[in-house]
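Chemist:
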Amino acid sequence: MTVDDQFVHLHVHTEYSMLDGAARVPDLLAEVQRLNMPAIAMTDHGNLYGAYEFYKKAKALGINPIIGLEGYYAPQGRFERRPFDFGGGFDEGTPEDPAAGRGKHGYTHMTLWAETTPGMHNLFRLSSLASLEGFYHKPRFDRELLERYSTGLIGTTGCPSGEVNRWLQAGQYDRALAA
15 MTVDDQFVHL HVHTEYSMLD GAARVPDLLA EVQRLNMPAI AMTDHGNLYG AYEFYKKAKA
75 LGINPIIGLE GYYAPQGRFE RRPFDFGGGF DEGTPEDPAA GRGKHGYTHM TLWAETTPGM
135 HNLFRLSSLA SLEGFYHKPR FDRELLERYS TGLIGTTGCP SGEVNRWLQA GQYDRALAA
């Protein structure tokens, strides 16, 4: 096996990432197998709808499935239902467009991967509670839920829409460091 054979995609959206992913799970896994990749991660936006199909089909092909989620993180808390301007706090926007303006969102992105079986359970809990308790345009979780269900998870805010990057874009360097 060469170094080239060891490459693993850790951030892939499937057809279950509405309006963002186009890869159908069977086609994706066939290509992974053709390229002799040992593993691949599925990190759909805000849901784990395809996790079971992805896991079962990958295992059947001898591919190590890595289950993840590109979740929507609410830095202001999952119960807050107003847009948050990273340059200056809450902003009501306008009646026509409540999220108008740069940086005004009710969420940022955070990618999480299950490292262990308890991590997989926690990923499902986070995803479910984000929909049940934190839904505001998107299913959102907050620091409280993340702290409660972080065991067995690996996470990053490396996405351009992640919390750290949003604070940096707003010139809020101390807050980026604290995030």
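Here the sequence shown is numbered in our numbering, starting from 15 and rising by one per residue.
Heads up, the beta-carbon is just placed ideally off N, CA and C, and yes, glycines get one too.
1) Got a sec? Which residues, its chain only, sit under 6 Å from Ala190 by beta carbon, not counting five neighbours each side?
2) Provide the residue span of the alpha helix (DSSP H) that contains Gly65, from first to last.
3) What whole-angstrom Cβ distance do Gly60 and Thr122 have, given they're in contact under 8 Å?
4) Helix, strand or coil for Thr57, going by three-state DSSP, please let me know.
5) Let's test the definition: count the other Cβ atoms within 10 Å of the Cβ of Phe93 and tell me whether it reaches 16, buried, or not, exposed.
6) In the DSSP output, which residue or residues are listed as bridge partners for Phe155?
7) Is it the case that the segment 69–87 contacts the segment 121–135, given that we only count it when at least three CB pairs across the two stretches are under 8 Å?
8) Using CA coordinates, which residue listed in Gly148, Thr28 and Tyr163 is at the minimum distance from Tyr66?
9) How long is the line joining the alpha carbons of Glu158 and Gly148, rounded to whole angstroms?
10) Does the pairing of the segment 49–59 with the segment 128–135 give three or more beta-carbon distances under 8 Å?
11) Buried or exposed, going by whether 16 or more other CB atoms sit within 10 Å of the CB of Asn136?
12) Cβ of Gly120 within 8 Å of Cβ of Pro97?
13) Hey, Ile77 and Tyr69 are a contact pair by Cβ (cut 8 Å); roughly how many whole angstroms apart?
14) Out of Leu62, Gly133, Gly91 and Phe138, which has the shortest C-alpha to C-alpha gap to Met32?
Modeler: Walking through what the data contain:
1) Val178, Trp181 and Leu182
2) With the sequence shown as reference, residue 65 is identified as Ala, and Gly is not the correct amino acid for it. That run of the alpha helix (DSSP H) goes Ala65 to Ala74.
3) With 8 Å as the limit, Gly60 and Thr122 do not qualify as a contact, their Cβ atoms being about 12 Å apart.
4) strand
5) exposed
6) Tyr87
7) yes
8) Thr28
9) 12 Å
10) no
11) buried
12) yes
13) With 8 Å as the limit, Ile77 and Tyr69 do not qualify as a contact, their Cβ atoms being about 10 Å apart.
14) Leu62
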